[in-house]
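Residue numbers (our numbering), protein chains in the order written: chain A, 9 to 330; chain B, 93 to 655.
We put the CB at the ideal spot given by N, CA and C, even for glycine.
One structure below.
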Amino acid sequence: MARFLARRLAQGVVIVWLVATATFLLLHLAPGDPVAASLDNPLTPPDVRAHWRHVYGLDRPLGEQYVRYLAGVAHGDFGFSVPHRESVAAVLADAVPNTLLLMGAALLAAFAVGMATGVAQSRRRGALDRGLGFFTLLVYSVPEFWLALMMMLVFAYRLRLFPVTGMFDPVMHPYFGFWGRLGDVAWHLVLPATTLALLGAAVVARFQRAAMLDVAHQDFIRTARAKGVPERGIVLRHQWRNALLPVITLFGLALPALLGGAVFVEKIFAWPGMGLLTVDAIGTRDYPLVTGSVIVGSALVVAGSLLADLLYAAADPRIREG
Amino acid sequence: MPPSPLRRTPLLLVAITLATACRGSDPATTTGSAGGTLVISAPADADVLLPPLTMNITSAEVDGQIFERLAEPGASLNTIGDAGWTGRMARGWTWSADSLSLAFTLDSAARWHDGAPVRASDVRFTYQLYTDPAVGSPLRPLLANIDSVTTRDSLTAVVWFHQRAPEQFYDAAYLMYILPAHLLASAPRDHLASSSFARDPVGSGPYHFVRWTPRQSIELAADTMYHHGRPNLDRLIWSIVPDPNAAITRVMSGEADLVEFLRPPDLAEITKHADLKAVRYPSLGMALLLFNERDPRHAGRPHPIFSDRTVRRALAMSVDRARLVKSVFDTLAYVAIGPVTHALPTYDSTIAQLPYSPDSARKLLDADGWRARGDSGWRAKNGVPLRFSILVPASSTPRLRMAVLMQEMFRAVGARVDLEQTDFPTYVQRQESRQFDASMVAVQLDPTPSSIRQSWSSAAARAKDGGNFGSYENPAFDAMVDSAITRSQPDAAHAYYRKAYAMLIADAPAIWLFEPMNFAGMQRRIHPVSMRADAWWAHLDQWSIPAAERIARDRIGLAQAKP
């Protein structure tokens, strides 16, 4: 197991390096640079632009910039964000926890709801299965941004149940105590997390239902039933557990998918996470921040994949025992 | 009918009740003109809160509350001499007999927010900071006519000029926000943007800094000791909402009080809400179709189409600008008349315009040798087709719509047009490197009409990286602008500027398209005062919320929040 983990970690490092290198090169090949984007003013004289390009090392040859960047990353220095006027590490340190909070909540809700829905559908093969099947297909086919806007329109604007945007109430948050602040963030988390969770749950439910139905006719289920195992025990201990593997595979894939979906959701709900940060950074040609975000994002994806492998091992003794 | 924004969610109501109950009553903030919280739905976070290095609009709005200039212009935005200007940090000023120096007397009551008195040495320090190449302020070249700043005594700063110029006062008073020397003198000049001051600034303006949560919100609170009197509103909060639909929804739901720019569909929506209002304010913004008079494919050569004045005039005459504006904005924009907007004193609606006349445009092109060929009707001259591309930033819907409509209008006179949509950084890069045929440009004009040199003078066309991206050159125009710039009487200067505008319009280096009408959307309880074209936020300290109209968040007062 230790050798397996070490090998996967080494593969992860190579993947992150390749992704970071490709991002660095592609960004530098695109027209524009952070100084051009942030000094978009014809009155800004050439020598001022040249000064800033020199300060941020943008006037050096591409190869030298790349080597300097890699050397910096190796020492934990991801560079300086010109538009944000602070180090990339500081900008990411603000954004990553927010994204992890949003994605963690969304993943948890998506898998809990999705798995429960899939199990329920596989057990009640009538109107409930057809109804939930139609609903999950409907949600799955809806674009993220549209669903986010509708959630905002209905639950924030019309019903006033939740706030429209943001991660906390900008007026009252500083006056709350610890629990008040926690509640405020949770209250603001509901709509963006639910939007992401609904999209995820729709996929999980369809996978879970199919896997449950596949397992339902296996010999060991028939044997358990013949031995008089209660139906609840059959579903939970035999059928569901064996139907977990496809869902665990999905978990590994859900992380990058959620990161992608979070871009729209973060923008619409003004959630200050990595998705929004990265899109803005691409727009301003903020090379270090985009590359830093990609490194963190790909590290999260590698971690998700690793976690899925570990869950596989936990769910399937054949994998655990080699 | 949407519910009233006064209906708050239970959690917020409980929180506000608890917060105000714990603090006790504060008559100063709940009665009279003082009191209230203004939540502004801002499209982007600030970049840095240090005026010499501020680049974006949110930073400028916040800086304008924390810091002060020596004086502020009046609503007419006169920049010639000091007519209409009122003292801000300065109580008054006197000109020297030769007009080569200007002595500003500072208000002795002015204090930095840390309690230190404002001194003339701060003005001298500020000038040194803005003009230090290590700082890299984009405003440095605009201060070129200032030779130095000296101190006569602790409250008198003397600004010395290289030469007499009508806009001397504007240069000295408007371009610099005064900064505290005692807090910034020891900061490394080449890393000011990342200094702690730039994230936690101390100024002398009506509001002091409270907190900045990156990409979430910026909060300021009233300085009760402000030397011009306590600002009316207790608290200003910029709440960052990048998505424009979400920004307007926040105002409609009552979570925010103000969105500074309404798009035409938003304006229609706002009028359906009894508790909201749209407030119009003057604008310095405009858009134009800029022709590149140099060949983007062969640097230094004239453009095969747009170097010909007759073609430019013909193309300008083929565009029905009134119909374009009506189609895209309905009645919410003016047809632009030239490089000037309604808000500037040099605006003159009687300046001669090239008429809309496709027939005349066709005759001009025929006479110039651009003949229609074949069934298609596309024109060509000496084997050069009358075909060009228009560069449009994909982020601008109005410009994109206008470009599509113009494509059809140009087709009607035999010109074939391709649209090139790009993302914004690519658009900027293409424009700066002059790699375009024609470009849909949106500009925010400077309050001073002399800035026309940066966009249209021959010097700016020839300078590497100059701001005259279309490379228009006309010595007669340059001479007219030079004459305007050296006139110290506003009327005489304005007359020359108008003649320069007329020359420019006749030469058609661009087609001036529209000047948007700016509308801010706000809650009815907000009572703004005059909103200036160059900075709608200039008089925010005088905005108010009457005591009878205040809602829960207006009653927080100036109590300190938990750390």
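Per DSSP, the bridge partner or partners of residue i
i       : result
H300(B) : A313(B)
H619(B) : S636(B)
N106(A) : Looking at the DSSP assignment, N106(A) forms no beta bridge with any residue, so it has no partner.
W185(B) : F196(B)
E164(B) : T178(B)
F480(B) : V509(B)
T659(B) : Residue 659(B) lies beyond the residue range present for chain B, which begins at 93 and ends at 655; the question has no answer from this structure.
L350(B) : I132(B) and M614(B)
F88(A)  : S95(A)
Supposed close pair residue i, residue j - CB separation, criterion 8 Å
i       : j       : result
R59(B)  : E164(B) : A question about residue 59(B) goes unanswered here, because the residues of chain B that appear run from 93 up to 655.
M572(B) : Y588(B) : 6 Å
V271(A) : L284(A) : 7 Å
A226(B) : R281(B) : 4 Å
L376(B) : A435(B) : 6 Å
N384(B) : S563(B) : 7 Å
D460(B) : D400(B) : 7 Å
A379(B) : F606(B) : 5 Å
P298(B) : D574(B) : P298(B) to D574(B), Cβ: 39 Å. No contact.
A260(A) : G185(A) : Per the sequence presented here, residue 260(A) reads as Gly, with Ala not at that position. The pair is not a contact, with the Cβ atoms about 39 Å apart (cut-off 8 Å).
S331(B) : G174(A) : 6 Å
Chain B contact for residue i (CB, 7 Å cutoff)
i       : result
G40(A)  : yes
M158(A) : no
A8(A)   : Look at the range of chain A in this structure, 9 to 330, and you will see that residue 8(A) is not part of it.
P178(A) : yes
T173(A) : yes
E94(A)  : yes
H59(A)  : yes
P69(A)  : no
V150(A) : no
A18(A)  : no
D102(A) : yes
P91(A)  : yes
Limits of the alpha helix (DSSP H) - the one that residue i falls within
i       : result
W330(B) : Not the alpha helix (DSSP H): W330(B) falls in the beta strand (DSSP E), residues R327 to I332.
R5(A)   : Outside the shown range of chain A, which is 9 to 330, sits residue 5(A), and nothing can be said about it.
I158(B) : I149 to I158
R14(A)  : Going by the sequence as given, residue 14(A) is Ala instead of Arg. Taken as a continuous stretch (DSSP letters only), the alpha helix (DSSP H) holding A14(A) covers A10 to L37.
S306(A) : Y295 to A323
S133(B) : Here S133(B) belongs to no alpha helix (DSSP H); instead the beta strand (DSSP E) covers T129 to A134.
V75(A)  : L70 to A82
L284(A) : M282 to G291
L142(B) : Counting along the chain, L142(B) falls outside any alpha helix (DSSP H), and DSSP gives it neither H nor E.
Y165(A) : Taken as a continuous stretch (DSSP letters only), Y165(A) belongs to no alpha helix (DSSP H), as it is neither H nor E.
Y318(B) : Taken as a continuous stretch (DSSP letters only), Y318(B) belongs to no alpha helix (DSSP H), as it is neither H nor E.
Terminal residues of the beta strand (DSSP E) in which residue i lies
i       : result
T341(B) : It is not in any beta strand (DSSP E) - T341(B) instead sits in the alpha helix (DSSP H) that spans P336 to M344.
Y426(B) : A425 to V427
R471(B) : R471 to K473
Neighbour flag for residue i against chain A, beta carbons, 7 Å
i       : result
G469(B) : no
G166(B) : no
E352(B) : no
A366(B) : no
G228(B) : yes
I132(B) : no
S188(B) : no
Q445(B) : no
R342(B) : yes
A113(B) : With a pLDDT of 38 at A113(B), under the threshold of 50, the predicted position of this residue should be treated as unreliable, and no value is reported.
V154(B) : no
Q308(B) : yes
I149(B) : no
I603(B) : no
Y329(B) : Checking the sequence shown, residue 329(B) turns out to be Ile, not Tyr. Closer than 7 Å: yes.
Residue i Cβ short of 6 Å to the ligand FAD heavy atom set
i      : result
L26(A) : No copy of the ligand FAD occurs in the structure displayed, which carries no ligand at all.
Next on the checklist: List, from N- to C-terminal side, the alpha helix (DSSP H) runs of 4 residues or more that fit wholly inside the segment 241-277 of chain B.
Outcome noted: Qualifying alpha helix (DSSP H) stretches, in chain order: 260-266 and 273-276.
Item to check | Inside the segment 594-619 of chain B only - beta strand (DSSP E) runs reaching at least 3 residues | outcome: 602-608 and 610-615
Checklist entry - Which ranges does the alpha helix (DSSP H) cover as unbroken runs of at least 4 residues, wholly within the segment 482-557 of chain B, from first to last along the chain? => result 489-503, 516-524, 544-548 and 550-554
Item to check | Entirely enclosed alpha helix (DSSP H) segments - the segment 361-449 of chain B, minimum 4 residues | outcome: List check, alpha helix (DSSP H) in window: 401-409 and 413-421.
Next on the checklist: Threshold first: 4 residues or longer. Then list the alpha helix (DSSP H) segments lying entirely within the segment 173-242 of chain A, N to C.
Outcome noted: 186-224 and 227-234
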